[in-house]
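Input: a single structure, listed below in structure tokens.
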Amino acid sequence: MRQLLIGMAMTISAMVATPVRAAIFTYIVTGNVIGDASDGGAAFGEDVVGRGFTARFEVDDAMPLALYVADTGGSSARGGGSIQDGTRPPVAAMLTINGVERAVRTGDEDMPPMCIPGFGCFGASSGIDDSGEIVKNAVARTLSLSAGYDSYAGCCADYGSWYSIATDDLRFSLFDASFTSPDYRQDGTFAVSGTGAFATVFSAGDRSGGVDYSTRLTLAPTLLQVTGGAVPEPGTWAMMLLGFALIGGGLRHGRAAAPAARAARQLGQAA
């Protein structure tokens, strides 16, 4: 299988040889903060409503372990364990408010408790899943961007019980009448409308108590700027996406457990 995948990769590389190559495309969303429902958290300071924000998304248009779809109605790039186990996010994101920058974290981890047949499972367990996606709908004239992160660690139902949970999420749903191309890499400057939200949450505790705090903001986007490298011809890009999907599918073979089911199973084993 490994030799087959290497051969496929070499073939695809030859088909998309220089000057056609994968590129990083940058999406800058700007606007204003219009709501703050934070609870004990202030990731960007105490006074943010009415302030401007800048959200930066970087999209890799050909990551082998991501999921790509393109047709006449639109296109998308998606990945990360929260979307499909074994994939990686093709999207990275950062939000800036009041001069404070906060990147959406990334990670991929699965550490189950130690299990001994006939005796049960013991010890700590932890997991990290992330996500990133961009979805273009040329019919509806919309572009959606998001990046997320979820982590869990904990042990055990008896003496020494503790847990910690952390979440990041940044997402936008943008509309502009000039989103006419089905290609999510359509560059330019767009006067957009739509919705946006950011959240970062942390919770931890043990038998003596716990702490919880969050920053939750509502964002009103007004402008989108899209820039990037050389774009392959549509036919070549479709071939790249097909090839990378085949390789990613082979590398993901055997990793079928869903993140939510896995976390639930680990909690049950550690109980």
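Following our numbering, the numbering of the sequence shown begins with 1 at its first residue and continues without gaps. Positions of the beta carbon are idealized from the N, C-alpha and C atoms, including for glycine.
(request) Leaving aside the five residues before and after G52 along the sequence, list all residues of the same chain whose C-beta is less than 6 Å from its C-beta, in chain order. (result) One-based indexing of the sequence shown puts residue 52 at position 52. For G52, where only same-chain residues beyond five positions count, the Cβ hits under 6 Å are N32.
(request) Mind checking who A55 pairs with in its DSSP beta bridge? (result) Walking along the sequence shown from the start, residue 55 turns up at place 55. The partner list for A55 (beta bridge, DSSP) reads V29 and L95.
(request) Grab the span of the beta strand (DSSP E) containing A82 for me, first residue to last. (result) Taking the first residue of the sequence shown as position 1, residue 82 is located at position 82. With the sequence shown as reference, residue 82 is identified as Ser, and Ala is not the correct amino acid for it. For S82, no beta strand (DSSP E) encloses it, and the DSSP letter there is neither H nor E.
(request) Spell out the partners DSSP gives T200 in its beta bridges. (result) Against the sequence shown, residue 200 aligns to sequence position 200. Under DSSP, the beta-bridge partners assigned to T200 are D168 and T215.
(message) Quick check: I134 and S76, are their CB atoms within less than 8 Å of each other?
(response) Along the sequence shown, one-based indexing puts residue 134 at 134. Along the sequence shown, one-based indexing puts residue 76 at 76. In this structure, I134 places its C-beta atom within 8 Å of the C-beta atom of S76.
(message) So, for G187: in the same chain, excluding its five sequence neighbours on each side, which residues have a beta-carbon less than 7 Å away from its beta-carbon?
(response) On the sequence shown, residue 187 is found 187 positions in, with the first residue counted as 1. Reading off the sequence shown, one finds Asp at residue 187, where the question assumed Gly. In chain order, V226, T227 and G228 place their CB closer than 7 Å to the CB of D187, counting only its own chain and leaving out the 5 sequence neighbours on each side.
(message) Per the DSSP calculation, D150 is bridged to which residue(s)?
(response) Here residue 150 refers to the residue found at position 150 when the sequence shown is read from its first residue. D150 pairs with D129 and T167.
(request) Pull up the distance between the alpha-carbon of D71 and that of L143, whole angstroms please. (result) Your numbering for residue 71 matches position 71 in the sequence shown. Your numbering for residue 143 matches position 143 in the sequence shown. Using only the alpha carbons, I get a separation of about 15 Å.
(message) Looking only at its chain, what residues have a beta carbon closer than 7 Å to the beta carbon of A138, apart from the 5 residues adjacent to it on each side?
(response) Against the sequence shown, residue 138 aligns to sequence position 138. Cβ within range, chain order: G73, G74, F179, T180, S181 and P182.
(request) State yes or no: is the C-beta of V201 within less than 8 Å of the C-beta of T167? (result) Working through the sequence shown from its first residue, we reach residue 201 at position 201. Working through the sequence shown from its first residue, we reach residue 167 at position 167. Contact flag set, yes.
(request) From the DSSP output, in three-state form, read off L65 for me. (result) Your numbering for residue 65 matches position 65 in the sequence shown. In the displayed model, L65 falls within coil according to three-state DSSP, outside both helix and strand.
(request) Name, in chain order, the residues that DSSP records as bridge partners for A191. (result) Sequence index remark: in the sequence shown, residue 191 carries index 191 (1-based). DSSP links A191 through a beta bridge to L223.
(request) Please say whether V100 and F172 have beta carbons closer to each other than 8 Å? (result) Here residue 172 refers to the residue found at position 172 of the sequence shown. Here residue 100 refers to the residue found at position 100 of the sequence shown. F172 places its beta carbon 8 Å or farther from that of V100.
(message) What does the alpha-carbon distance come out to for the pair G205 and V211?
(response) One-based indexing of the sequence shown puts residue 205 at position 205. One-based indexing of the sequence shown puts residue 211 at position 211. Roughly 6 Å between the two C-alpha positions.
(message) Tell me the rounded alpha-carbon separation between G148 and G132.
(response) The residue labelled residue 148 in the question sits at position 148 within the sequence shown. The residue labelled residue 132 in the question sits at position 132 within the sequence shown. Going by the C-alpha atoms only, they are around 6 Å apart.
(message) Quick check: what's the CA-CA separation for L67 versus V104?
(response) Counted from its first residue, the sequence shown places residue 67 at position 67. Counted from its first residue, the sequence shown places residue 104 at position 104. About 20 Å.
(request) Give the DSSP-derived three-state secondary structure of F44 in the structure shown. (result) The sequence position of residue 44 within the sequence shown is 44, counting from 1. The answer is coil: DSSP assigns F44 none of H, G, I, E or B.
(request) Could you check what DSSP says for A77 in three-state terms: helix, strand or coil? (result) Here residue 77 corresponds to residue number 77 of the sequence shown, with the count starting at 1. A77 falls in the strand class under three-state DSSP.
(message) Our contact map puts L174 next to A93 with C-beta atoms below 8 Å; I'd like the distance itself, whole angstroms only.
(response) Numbered from 1 along the sequence shown, position 174 holds the residue referred to as residue 174. Numbered from 1 along the sequence shown, position 93 holds the residue referred to as residue 93. In this structure, L174 and A93 do not form a Cβ contact; the two beta carbons are roughly 14 Å apart against a cut-off of 8 Å.
(request) Would you mind working out which of T87, R185 and G127 sits nearest L224, comparing C-alpha positions? (result) Residue mapping note: residue 224 aligns to position 224 of the sequence shown, counting from 1. Closest by alpha carbon: R185.
(message) Whole angstroms are fine: how far does the CA of R102 sit from the CA of F122?
(response) Reading the sequence shown from its first residue, position 122 is the one you call residue 122. Reading the sequence shown from its first residue, position 102 is the one you call residue 102. R102 has its alpha-carbon roughly 36 Å from the corresponding atom of F122.
(message) For R102, list the residues DSSP reports as bridge partners.
(response) Taking the sequence shown and counting its residues from 1, the one referred to as residue 102 is at position 102. Listed as beta-bridge partners of R102 by DSSP are L95.
(request) Please report how far the alpha carbon of F57 lies from the alpha carbon of G209, in whole angstroms. (result) For this step, residue 57 is matched to residue 57 along the sequence shown. For this step, residue 209 is matched to residue 209 along the sequence shown. Taking the straight line from one Cα to the other gives about 37 Å.
(message) Less than 8 Å between the C-beta atoms of A55 and T215, yes or no?
(response) On the sequence shown, position 55 is the one that residue 55 refers to. On the sequence shown, position 215 is the one that residue 215 refers to. Their beta carbons are not under 8 Å apart, which means A55 does not touch T215 by this criterion.
(message) Does L63 pass the burial test, meaning 16 or more other C-beta atoms within 10 Å, or should it be called exposed?
(response) Locating residue 63 in the sequence shown gives position 63, where the first residue counts as 1. Here the sequence assigns Met to residue 63, which means Leu is not the residue at that position. The residue is buried, with at least 16 neighbouring Cβ atoms inside 10 Å.
(message) Using only CA atoms, which one of S146, D39 and E46 lies nearest to S82?
(response) What you label residue 82 is simply residue 82 of the sequence shown in a count that begins at 1. Residue S146 is the option with its Cα nearest to S82.
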